[in-house]
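Undergrad: Input: one structure, supplied below.
Residue numbers (the working numbering): 2 to 140.
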């Protein structure tokens with residue numbers, strides 16, 4: 002209801018694009034990608050629910066209420082703190098597809114179908130739990 006973009010319309014993909022989520026998603030040598038899970042829509046609902054709870058708590062404690070609002074754009078700013086820290090440092094967020102700074106990636110698994118994949122990630126200074134790892138085919 003206020004601010005320079007208050008009269009602008011907003012929807013999921015626009016919030017992702019204008020707040021850097023698309024630029025931070027995808028393979029390093031590929032184009033930006035749309036996050037298909039509605040991050041902005043869902044997270045804005047959560048932000049609004051928390052704001053409502055805080056306003057109710059204030060009313061209970063002081064007798065005064067307050068106006069609350071949540072926007073897709075503000076929510077994506079909060080959700081994108083990692084890529085915005087790079088932006089403010091003057092360098093782009095390094096896109097890495099499924100790979101991160103840890104040893105992890107998506108691997109095909111038994112079945113061979115379109116959605117038969119498993120994500121395995123190993124963290125430094127943590128022992129590998131071989132009882133949790135899938136066995137290689139033929140074992």
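Just so you know, even glycine gets a beta-carbon here, dropped at the ideal spot from N, CA and C.
Which first and last residues belong to the beta strand (DSSP E) in which residue 69 is found?
TA: Note, residue 69: premise wrong, no beta strand (DSSP E); not H, not E.
Undergrad: Taking the beta strand (DSSP E) that residue 122 falls in, what are its first and last residues?
TA: Element bounds for residue 122: 118-123.
Undergrad: DSSP three-state label for residue 35, please.
TA: DSSP places residue 35 in coil when its eight states are reduced to three.
Undergrad: Is residue 73 closer than 9 Å to residue 11 when the C-beta atoms are compared?
TA: Yes, they are a contact pair.
Undergrad: Beta-carbon within less than 7 Å of residue 145's beta-carbon, same chain only, minus the 5 sequence neighbours each way: which residues are those?
TA: Because the chain in this structure spans residues 2 to 140, residue 145 falls outside the shown range and cannot be described.
Undergrad: Tell me which residue opens and which closes the alpha helix (DSSP H) that residue 12 is part of.
TA: Unbroken run through residue 12: none, as it is neither H nor E.
Undergrad: Here's the rule: buried if 16 or more other CB atoms are within 10 angstroms of the residue's CB, otherwise exposed. What is residue 37?
TA: Residue 37 should be labelled exposed.
Undergrad: Cβ of residue 117 within 9 Å of Cβ of residue 110?
TA: Going by C-beta atoms, residue 117 is nearer than 9 Å to residue 110.
Undergrad: Near residue 94, which residues of its chain fall below 8 Å by C-beta distance, leaving aside the five closest residues on each side in sequence?
TA: The answer, listed in chain order, is 21, 24, 25, 83, 84, 87, 88.
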